[in-house]
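Trainee: I have a structure here, written as structure tokens, and I will follow up with some questions on it.
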Amino acid sequence: MEEKRVNTESIATDLPAWDEAAALEIAGDNLDLARELVQMLVRGLPQDLSDLRRCFQASDWPLLTATAHRMRGATSYCGVPALDAHLKALEDSAKAGDRERVDAELAQVVREAERLTRTMTPTE
Numbered sequence: 000m001e002e003k004r005v006n007t008e009s010i011a012t013d014l015p016a017w018d019e020a021a022a023l024e025i026a027g028d029n030l031d032l033a034r035e036l037v038q039m040l041v042r043g044l045p046q047d048l049s050d051l052r053r054c055f056q057a058s059d060w061p062l063l064t065a066t067a068h069r070m071r072g073a074t075s076y077c078g079v080p081a082l083d084a085h086l087k088a089l090e091d092s093a094k095a096g097d098r099e100r101v102d103a104e105l106a107q108v109v110r111e112a113e114r115l116t117r118t119m120t121p122t123e
């Protein structure tokens, strides 16, 4: 049976970097908490991305799968649907051990992490 592939290139344009309404629902309508949760996620992204890259370079698909899954645990509490969707696609690609797909999905995760960071960084 052929595995169904999802075109994740369009996810970034279809989903917001941060969905305030979803974040508020998750945080019990507490905007300060919702913003703090997403800021904590953003602060951890550089290390998380570094960990993902290290796993990719070592072709360590089980650890890459686990790292993407752990990151999704955090994204599920932050209302960041685009990054979450790309992390899910990365996790699935790593489980399959498909280096080419993992490479493409990792690039998408990096782009979404950058977009989220720009979205959540106050302008002066």
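First residue of the sequence shown: 0, per my numbering; consecutive thereafter.
Ideal Cβ positions, reconstructed from N, Cα and C, are used throughout, including at glycine.
Treat the numbers as computed from the prediction; the structure is a model and nothing was measured.
Are the segment 94-107 and the segment 26-41 in contact at 8 Å, needing three or more beta carbon pairs?
Mentor: no
Trainee: How close, in whole Å, do the beta carbons of L86 and R71 come, if the pair is a contact with beta carbons under 8 Å?
Mentor: Here residue 86 refers to the residue found at position 87 of the sequence shown. Here residue 71 refers to the residue found at position 72 of the sequence shown. Yes, they are in contact, since the Cβ atoms of L86 and R71 sit about 5 Å apart, within 8 Å.
Trainee: According to DSSP, simplified to helix, strand and coil, what is R121?
Mentor: To locate residue 121, count along the sequence shown from 1; it is residue 122. Before going on, a small fix: residue 121 reads as Pro here, not Arg. Shown here, P121 sits in coil according to DSSP, grouped into three states, outside any helix or strand.
Trainee: Closest Cβ-Cβ distance between T116 and chain D: below 8 Å?
Mentor: In the structure shown, chain D cannot be found, because there is only a single protein chain.
Trainee: Determine the extent of the alpha helix (DSSP H) in which L82 is found, giving its start and end residues.
Mentor: Taking the first residue of the sequence shown as position 1, residue 82 is located at position 83. Taken as a continuous stretch (DSSP letters only), the alpha helix (DSSP H) holding L82 covers 80-95.
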